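Chains as they are written, first to last, in the working numbering: chain A, 354 to 646; chain B, 354 to 646.
C-beta atoms are modelled at their ideal positions from N, C-alpha and C, and glycine is treated no differently.
Here the structure is a predicted model, which means the values were calculated and not measured.
Number of protein chains: 2
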Amino acid sequence: MDTVREALIAHAEGRTTVPSPLHLDFPDAEGDCHVKAGWITGSDTFTVKIATGFYRNNRNGLPSNHGLVCALDARTGQVRALLNDGGLLTALRTAAAGALITHALARPDATTLAVFGTGEQARLQVTWLARLRPLARVLVHSRALHRAQNLCTWLDTQGLHARPATARTAAEADIIVTTTPATSPVLEAQAVGEGTHVTGIGADMPHKNELPAALFGRAQLIATDDHEQCIDHGDFGHAVRSGTAGRHTDHPAGLLLKNPPHRPLNAITIADLTGVGALDAALASVVLRNLLP
Amino acid sequence: MDTVREALIAHAEGRTTVPSPLHLDFPDAEGDCHVKAGWITGSDTFTVKIATGFYRNNRNGLPSNHGLVCALDARTGQVRALLNDGGLLTALRTAAAGALITHALARPDATTLAVFGTGEQARLQVTWLARLRPLARVLVHSRALHRAQNLCTWLDTQGLHARPATARTAAEADIIVTTTPATSPVLEAQAVGEGTHVTGIGADMPHKNELPAALFGRAQLIATDDHEQCIDHGDFGHAVRSGTAGRHTDHPAGLLLKNPPHRPLNAITIADLTGVGALDAALASVVLRNLLP
Numbered sequence: 354m355d356t357v358r359e360a361l362i363a364h365a366e367g368r369t370t371v372p373s374p375l376h377l378d379f380p381d382a383e384g385d386c387h388v389k390a391g392w393i394t395g396s397d398t399f400t401v402k403i404a405t406g407f408y409r410n411n412r413n414g415l416p417s418n419h420g421l422v423c424a425l426d427a428r429t430g431q432v433r434a435l436l437n438d439g440g441l442l443t444a445l446r447t448a449a450a451g452a453l454i455t456h457a458l459a460r461p462d463a464t465t466l467a468v469f470g471t472g473e474q475a476r477l478q479v480t481w482l483a484r485l486r487p488l489a490r491v492l493v494h495s496r497a498l499h500r501a502q503n504l505c506t507w508l509d510t511q512g513l514h515a516r517p518a519t520a521r522t523a524a525e526a527d528i529i530v531t532t533t534p535a536t537s538p539v540l541e542a543q544a545v546g547e548g549t550h551v552t553g554i555g556a557d558m559p560h561k562n563e564l565p566a567a568l569f570g571r572a573q574l575i576a577t578d579d580h581e582q583c584i585d586h587g588d589f590g591h592a593v594r595s596g597t598a599g600r601h602t603d604h605p606a607g608l609l610l611k612n613p614p615h616r617p618l619n620a621i622t623i624a625d626l627t628g629v630g631a632l633d634a635a636l637a638s639v640v641l642r643n644l645l646p
Numbered sequence: 354m355d356t357v358r359e360a361l362i363a364h365a366e367g368r369t370t371v372p373s374p375l376h377l378d379f380p381d382a383e384g385d386c387h388v389k390a391g392w393i394t395g396s397d398t399f400t401v402k403i404a405t406g407f408y409r410n411n412r413n414g415l416p417s418n419h420g421l422v423c424a425l426d427a428r429t430g431q432v433r434a435l436l437n438d439g440g441l442l443t444a445l446r447t448a449a450a451g452a453l454i455t456h457a458l459a460r461p462d463a464t465t466l467a468v469f470g471t472g473e474q475a476r477l478q479v480t481w482l483a484r485l486r487p488l489a490r491v492l493v494h495s496r497a498l499h500r501a502q503n504l505c506t507w508l509d510t511q512g513l514h515a516r517p518a519t520a521r522t523a524a525e526a527d528i529i530v531t532t533t534p535a536t537s538p539v540l541e542a543q544a545v546g547e548g549t550h551v552t553g554i555g556a557d558m559p560h561k562n563e564l565p566a567a568l569f570g571r572a573q574l575i576a577t578d579d580h581e582q583c584i585d586h587g588d589f590g591h592a593v594r595s596g597t598a599g600r601h602t603d604h605p606a607g608l609l610l611k612n613p614p615h616r617p618l619n620a621i622t623i624a625d626l627t628g629v630g631a632l633d634a635a636l637a638s639v640v641l642r643n644l645l646p
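Below, the structure is given as structure tokens:
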């Protein structure tokens with residue numbers, strides 16, 4: 354958490370190098386590959402991370418996601434390590450970034466969390482946020498009820514009170530976190546009440562979209578982990594293109610972590626996270642400090 | 354040669370996926386990192402290639418260049434192989450692309466070659482072109498005369514008649530190939546005679562520039578290995594921005610290899626090569642076919 358917090362602040366303060374991600378599509382195989390690079394200025398390691406998602410792999414008994422993190426020496430360019438982590442570092446830094454910004458922007462007294470989606474990030478976003486604040490109740494929405502039930506059963510084992518919910522009921526929670534691969538909004542803007550905080554985690558390509566543009570029009574505070582990335586392939590970009598949010602109405606998530614904003618209790622707040630390469634570099638540095646002499 | 358020829362043609366015909374390269378700069382260490390990806394549509398392997406150049410490494414006895422080629426399965430996204438080739442595949446595909454397009458565009462009777470630069474690509478461009486056509490004489494230009502002499506000595510051992518030359522004399526050769534990291538033109542446009550072919554190999558970043566913009570103004574035929582890349586960080590881009598070449602006056606190198614153009618004997622022709630990720634993918638596929646069951 355501390356590493357990710359510091360990296361988000363460094364990124365917001367311009368102390369990172371994060372080129373635009375590179376991606377390739379393989380339409381016939383329903384696959385894609387993303388490459389993200391990042392460096393925190395002055396640190397000893399930078400990373401180039403290759404991540405693939407091939408969504409027919411389960412037909413062959415293979416996982417959908419593969420990839421590796423290449424950690425290179427920022428003084429010599431030599432490869433320091435290849436971390437064949439199966440996406441673990443990405444999952445953890447995404448969980449940490451989501452929990453940190455959700456906690457920073459949600460009302461202090463907000464204790465009801467709704468999560469959209471039932472995958473690894475749904476699990477992590479709930480449990481990591483629960484480390485930062487008490488959650489009295491967790492609502493889980495999925496288009497497949499049995500998946501929502503399974504996640505609730507697991508969350509119960511973690512001491513959280515969870516139950517499946519319709520999209521409508523979930524939209525009425527104090528805190529909403531979306532973790533789906535949706536290509537059209539998963540909740541209705543009008544169903545979201547005043548005082549709600551919403552964090553969007555899932556959008557990582559231009560055609561993906563979880564949060565309705567109209568919700569941005571109602572928000573009093575919009576946080577993005579990277580302005581350009583969120584314009585290019587985040588929910589914020591959809592809102593900007595549809596005209597419900599101005600192009601420069603977002604605030605860097607890292608600055609909001611460093612200096613928590615005054616938040617009117619009835620304000621709607623949104624965080625749009627697309628995943629910043631500098632976080633990969635920060636986490637890889639920590640891993641290498643622990644693994645290498 | 355055949356693999357690179359086919360890959361250049363595939364790229365020119367739109368049968369490749371080649372995202373814009375990603376790069377990071379490390380100004381304090383005089384270093385940079387480039388990531389190039391490529392796929393030839395329908396082939397079983399795509400590549401993500403990480404290449405670094407850290408130009409103070411020689412002070413510590415390390416090579417300046419490092420990197421590796423990650424070959425991934427285009428049907429599942431799994432990593433098939435990491436080729437820790439020390440830049441060999443890049444050197445070979447660059448040599449092949451240069452030799453092929455130089456041979457295709459130079460006058461059939463051109464036998465005098467001048468090479469600017471004395472590094473690995475200078476050596477490879479000369480020897481690989483010599484496989485495709487007889488070279489009666491090779492002129493080597495370097496700002497450091499002893500380096501030019503060393504390369505000439507080595508070329509002599511390869512059966513080539515080579516001697517050092519001033520930039521002015523070198524510019525009068527029938528064929529000119531530039532292989533330097535120059536950031537301002539290495540030859541004078543007016544010193545280049547009618548009927549000359551010039552291939553630029555060195556420019557791989559926006560601030561690099563080997564060929565004078567005025568030379569493009571005199572050229573009757575301009576070939577680029579990738580239109581967008583050459584606009585962004587090739588010599589062609591400098592000429593376009595300076596107004597001596599129209600933005601759409603270039604021809605895809607692959608199409609010129611497939612259908613050799615009619616070339617007036619007194620025409621000046623130019624090839625600007627920036628290195629296309631699809632060639633890496635093509636070469637890696639061949640390597641894996643030879644290495645793996």
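Item to check | N-terminal and C-terminal residue of the beta strand (DSSP E) that Val491(B) is part of | outcome: Within the second sequence, residue 491(B) is the residue found at index 138, counting from 1. From DSSP, the beta strand (DSSP E) with Val491(B) extends over Arg490 to His494.
Checklist entry - Under the DSSP definition of a beta bridge, which residues are partnered with Cys386(A)? => result Against the first sequence, residue 386(A) aligns to sequence position 33. Cys386(A) is bridged by DSSP to Leu377(A) and Thr405(A).
Item to check | Between the CA atoms of Glu359(B) and Leu608(B) - distance to the nearest angstrom | outcome: Counted from its first residue, the second sequence places residue 608(B) at position 255. Counted from its first residue, the second sequence places residue 359(B) at position 6. Cα-Cα distance, rounded: 10 angstroms.
Item to check | Within chain B, the residues that Gly596(A) reaches when beta carbons sit closer than 9 angstroms | outcome: Numbered from its first residue, the first sequence carries residue 596(A) at position 243. At a C-beta separation below 9 angstroms, Gly596(A) has no neighbours in chain B, since its nearest C-beta there lies roughly 28 angstroms away.
Checklist entry - Looking at the unbroken beta strand (DSSP E) that takes in Gly540(A), where does it start and where does it end? => result By 1-based counting over the first sequence, the position of residue 540(A) is 187. For clarity, residue 540(A) is Leu in the given sequence; the question names Gly instead. Counting along the chain, Leu540(A) falls outside any beta strand (DSSP E), and DSSP gives it neither H nor E.
Checklist entry - Where does the unbroken alpha helix (DSSP H) through Ile584(B) begin, and where does it stop? => result Indexing the second sequence from 1 puts residue 584(B) at position 231. Run containing Ile584(B): His580 to His586, per the alpha helix (DSSP H) assignment.
Checklist entry - Which chain B residues are close to Val640(A), counting only those with a beta carbon under 7 angstroms from its beta carbon? => result Position 287 of the first sequence, counting from 1, holds the residue named residue 640(A). Per Cβ cutoff of 7 angstroms: no residues; Val640(A) is ~18 angstroms from chain B at best.
Next on the checklist: Let me confirm a value: His560(B) is counted as buried when at least 16 other C-beta atoms fall within 10 Å, else exposed. Which label applies?
Outcome noted: On the second sequence, position 207 is the one that residue 560(B) refers to. By the neighbour-count rule (16 or more Cβ atoms within 10 Å), His560(B) is not buried but exposed.
Checklist entry - Using the C-alpha atoms, what's the distance from Asn437(A) back to Ala404(A)? => result As a position in the first sequence, residue 404(A) is number 51, starting the count at 1. As a position in the first sequence, residue 437(A) is number 84, starting the count at 1. Each residue's alpha carbon lies about 11 angstroms from the other.
Checklist entry - His376(B) versus chain A: which residues are under 7 angstroms apart at the beta carbon? => result As a working note, residue 376(B) is residue 23 in the second sequence. Those are Pro372, listed as they occur along chain A.
Item to check | Three or more C-beta pairs below 8 angstroms linking the stretch 562-578 of chain B and the stretch 590-597 of chain B | outcome: At 8 angstroms Cβ cutoff, the stretches touch.
Item to check | CB contact check: Phe469(B) to chain A, cutoff 8 angstroms | outcome: The sequence position of residue 469(B) within the second sequence is 116, counting from 1. So, not an interface residue.
Next on the checklist: Suppose only complete runs of 4+ residues qualify. What are the alpha helix (DSSP H) ranges in the stretch 449-493 of chain B, listed by chain order?
Outcome noted: Counting only runs of 4 or more, we get 473-485.
Checklist entry - Taking DSSP as the reference, what is the three-state secondary structure of Gly349(B)? => result With chain B represented from 354 up to 646, any question about residue 349(B) goes unanswered, as that position is not in the structure.
Next on the checklist: At the level of alpha carbons, what is the spacing between Ala459(A) and Met354(A)?
Outcome noted: If you number the first sequence from 1, residue 459(A) lands on position 106. If you number the first sequence from 1, residue 354(A) lands on position 1. For Ala459(A) and Met354(A), the distance between alpha carbons rounds to 17 angstroms.
Checklist entry - Shorter than 8 angstroms from the beta carbon of Gln474(A) to some beta carbon of chain B? => result Here residue 474(A) corresponds to residue number 121 of the first sequence, with the count starting at 1. No, Gln474(A) lies away from the interface with chain B (no Cβ there is under 8 angstroms from its Cβ).
Next on the checklist: Please list, in chain order, the chain B residues whose beta carbon lies closer than 7 angstroms to that of Thr405(A).
Outcome noted: Taking the first sequence and counting its residues from 1, the one referred to as residue 405(A) is at position 52. Ordered by position in chain B, the residues that pass the 7 angstroms Cβ test against Thr405(A) are Leu425 and Gly430.
Next on the checklist: Strictly below 8 angstroms CB to CB, what residues from chain A border Leu415(B)?
Outcome noted: Residue numbering aside, residue 415(B) sits at position 62 when the second sequence is read from its first letter. Within 8 angstroms Cβ-Cβ: Thr429 and Gln431.
Item to check | Nearest residue (CA-CA) to Thr464(A), options Val491(A), Leu441(A) and Asn503(A) | outcome: Residue 464(A) sits at position 111 when you count from the first residue of the first sequence. The shortest C-alpha separation from Thr464(A) is found at Val491(A).
Next on the checklist: Using 8 angstroms for Cβ pairs, my map puts Leu574(A) next to Arg616(A). What's the rounded Cβ distance?
Outcome noted: The count along the first sequence starts at 1 and reaches residue 574(A) at position 221. The count along the first sequence starts at 1 and reaches residue 616(A) at position 263. Confirmed, Cβ separation roughly 7 angstroms.
Next on the checklist: Considering only their Cβ atoms, is the gap separating Ala427(A) from Ala382(B) smaller than 8 angstroms?
Outcome noted: One-based indexing of the second sequence puts residue 382(B) at position 29. One-based indexing of the first sequence puts residue 427(A) at position 74. For Ala382(B) and Ala427(A), yes; Cβs fall inside 8 angstroms.
Next on the checklist: Tell me which residues share the same chain as Pro538(B) and place their Cβ nearer than 7 angstroms to its Cβ, disregarding the 5 neighbours each side in the sequence.
Outcome noted: Taking the second sequence and counting its residues from 1, one reaches residue 538(B) at position 185. Cβ within range, chain order: Asn562, Glu563, Leu564 and Pro565.
Checklist entry - Count the other CB atoms within 10 Å of the CB of Leu508(B); is the residue buried (16 or more) or exposed (fewer)? => result Indexing the second sequence from 1 puts residue 508(B) at position 155. Its Cβ being crowded by 16 or more others within 10 Å, Leu508(B) is buried.
Item to check | Ala515(B), DSSP secondary structure in three states | outcome: Mapped onto the second sequence, residue 515(B) falls at position 162. Ala515(B): strand per DSSP, three-state reduction.
Next on the checklist: Let me check understanding here. Comparing Cα to Cα, which of Asp625(A), Leu513(A) and Glu547(A) lies closest to Glu581(A)?
Outcome noted: Along the first sequence, one-based indexing puts residue 581(A) at 228. Minimum Cα distance to Glu581(A) is reached at Asp625(A).
Item to check | Buried versus exposed call for Thr510(B) [16 or more other C-beta atoms within 10 Å across all chains shown] | outcome: Residue numbering aside, residue 510(B) sits at position 157 when the second sequence is read from its first letter. Exposed is the call here.
Checklist entry - By DSSP, does Asp509(A) sit in helix, in strand, or in coil? => result For the purposes of this step, residue 509(A) is identified with residue 156 of the first sequence, where counting begins at 1. Reduced to three states, the DSSP call for Asp509(A) is helix.
Next on the checklist: Against chain A, does Ala631(B) count as a neighbour if the rule is that its beta carbon must be under 8 angstroms from one of theirs?
Outcome noted: For the purposes of this step, residue 631(B) is taken as the residue at position 278 of the second sequence. By this cut-off, Ala631(B) is not an interface position.
Checklist entry - When burial is assigned at 16 or more other CB atoms within 10 Å of the CB, is Leu504(B) buried or exposed? => result Sequence index remark: in the second sequence, residue 504(B) carries index 151 (1-based). Flag for Leu504(B) reads buried.
Item to check | Residue range of the alpha helix (DSSP H) that includes Arg358(B) | outcome: Counted from its first residue, the second sequence places residue 358(B) at position 5. Where Arg358(B) is concerned, the enclosing alpha helix (DSSP H) stretches over Asp355 to Ala365.
Item to check | Chain-ordered neighbours of Glu419(B) on chain A, where CB pairs are closer than 7 angstroms | outcome: If you number the second sequence from 1, residue 419(B) lands on position 66. According to the sequence displayed, residue 419(B) carries His and not Glu. Under the 7 angstroms cutoff, chain A gives Gly430, Gln431 and Val432.
Checklist entry - Is the stretch 420-435 of chain B touching the stretch 624-644 of chain A in the sense that three or more CB pairs, one from each, lie closer than 8 angstroms? => result no
Item to check | According to DSSP, residues forming a beta bridge with Pro605(A) | outcome: Working through the first sequence from its first residue, we reach residue 605(A) at position 252. Checking the DSSP bridge columns, you'll see Pro605(A) partnered with Thr577(A).
Checklist entry - Would the beta-carbon of Thr394(A) fall within 8 angstroms of that of Thr369(A)? => result If you number the first sequence from 1, residue 394(A) lands on position 41. If you number the first sequence from 1, residue 369(A) lands on position 16. For Thr394(A) and Thr369(A), yes; Cβs fall inside 8 angstroms.
Next on the checklist: Below 8 angstroms, how does it come out for the stretch 472-484 of chain B and the stretch 511-531 of chain B: are there three or more Cβ pairs, yes or no?
Outcome noted: yes
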